[in-house]
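Below is one structure, written out as structure tokens; comments come after it.
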Amino acid sequence: MKLFYLILSIFILSVSFSQAQSEDSIKSKNPYDLMSNYYDHGFSPFAKKNWYVGLAFSLTDEKFDNTPKLLERVIAGNELNYDLTFKGGYFIGNYVMVGANFIYSRDRFSGQVVQQSTDTLTRQNISSSGRIVPLIKTYFPLTKNHRLSLFNELGFGFGFGNILTRNIRNQDVIEKSFTNEFKFTAGLSPGITFFAIENFCFEVQLNNLIGYELTVQDTKTNETESSRTTKNNVNFSINLLSLNLGLAYYFGAKKP
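Offset between the sequence shown (1-based) and my numbering: plus 2.
As structure tokens, then:
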């Protein structure tokens, strides 16, 4: 019996000592080390059969003062534009994901505009649209633990929207127009992802670095005059105002 108590005492002391060592080890680490330790073992966010959800947004708020634009000049005005993007995807292979984005956009402008005819207009313009973008996304890790990675997104989108414009000339002539819009887009959108807390990550993406856009607009002015405009645009441009900032979560990223 004495031997049993001796062995039990030794076991309790060894467990207590190991726990004390573990607590001392944790206390000796700073918060960054403790957070980084999560990604050192079994962290595979871009592995086959993982799921992904995300939310991103972009916001542009511009003020114009005697600013030239195509076929007109803005004497004074303000434009507010924002996009909300809801994301989802599934990894069909390591570092390869298929998914879709749903994008809601809204644009509002108000101000005074001078056209080539030298007429001065007071303009109010409101537009809204929704698009769905099926896509394929590939990842290129920059660090061994996958915390920092580049990605490239190839997407094909289509959607519908409407634009309401009101122009007032000389305080008494009011011109109203309503436009229905169809849009098709295809483009490459690169970005970077950084995991901050466990499976949550921040994403910064440059929309349509290389892209094609088809826009068809049917407009009715003062409920009588009808017109149709078709635009084709191919672009290669870096526009910092088109940056999307987002937050995403990767299901299955941490393996036991």
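No residue lacks a Cβ here, since even glycine has one placed at the ideal position from N, Cα and C.
Alpha carbon to alpha carbon, how far is glutamate 225 from glycine 161?
-> About 24 Å.
Cβ contact (3+ pairs, closer than 8 Å) linking the stretch 97 to 110 and the stretch 131 to 139 = Yes: the two stretches touch, three or more of their Cβ pairs being nearer than 8 Å.
Buried/exposed call for aspartate 63, threshold 16 Cβ in 10 Å | Counting the other CB atoms within 10 Å of its CB gives aspartate 63 a total below 16, which places it among the exposed residues.
Looking at the structure shown, is asparagine 96 part of a helix, part of a strand, or coil, going by DSSP?
-> Secondary structure at asparagine 96: coil, using DSSP grouped into helix, strand and coil.
Nearest-angstrom Cβ-Cβ length linking valine 135 and leucine 123, presumed shorter than 8 Å = About 35 Å separates the two Cβ atoms, so there is no contact after all.
Could you tell me whether the Cβ atoms of asparagine 147 and phenylalanine 45 are closer together than 8 Å?
-> Yes. Within cutoff.
With distances taken Cα to Cα, identify the nearest neighbour of lysine 178 among Tyr252, Asn235, Thr223 and Lys89.
-> Checked all of Tyr252, Asn235, Thr223 and Lys89; the closest Cα to lysine 178 is Thr223.
How would you label asparagine 246, buried or exposed, when you count the other beta carbons within 10 angstroms and need 16 or more for buried?
-> Looking at its Cβ environment, which holds 16 or more other Cβ atoms inside 10 Å, asparagine 246 is buried.
Beta-carbon proximity of tyrosine 92 to arginine 108, cut-off 8 Å | No; because the gap between Cβ atoms is not below 8 Å, this pair is not in contact.
Leucine 247 - containing beta strand (DSSP E), residue span | Counted as a single uninterrupted DSSP element, the beta strand (DSSP E) harbouring leucine 247 occupies residues 245 to 253.
So which of Leu86, Asn154, Lys71 and Asp67 has the shortest CA-CA distance to alanine 78?
-> Distances from the alpha-carbon of alanine 78 to those of Leu86, Asn154, Lys71 and Asp67 put Asp67 closest.
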